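Residue numbering for the sequence shown is 2 to 62, as defined by my numbering. The structure appears below as structure tokens.
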Amino acid sequence: MPYVTVKMLEGRTEEQKKALVEKVTDAVSETSGAPKEKIVVFIEEMQKNHYAVAGKRLSDE
């Protein structure tokens, strides 16, 4: 049973997250041969103030 975790910054709509889960599931099924019913996708949303690049939080930009 494949488990996939997608980490991304907050701010996507429910429709965007639904489409992401569907496409990730399709891609994993196509490439691994696993049935879609066995594929689990987790979305972890990160707050911009908890994520930094080059020493600067994204929330500070």
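Cβ atoms here follow ideal geometry from the backbone N, Cα and C, with glycine treated the same way. Quick caveat, the model's predicted, so the values are computed rather than measured.
Distances from the CA of K8 to each of E31, I44, I40 and T32 were compared; the closest alpha carbon is that of I44.
For E31, the closest alpha carbon among the candidates P3, D61, S60 and E62 is that of P3.
Residue environment analysis places V29 among the buried positions, since at least 16 neighbouring C-beta atoms fall within 10 angstroms of its C-beta. With fewer than 16 other Cβ atoms from the protein chains shown falling within 10 Å of its own Cβ, T14 counts as exposed.
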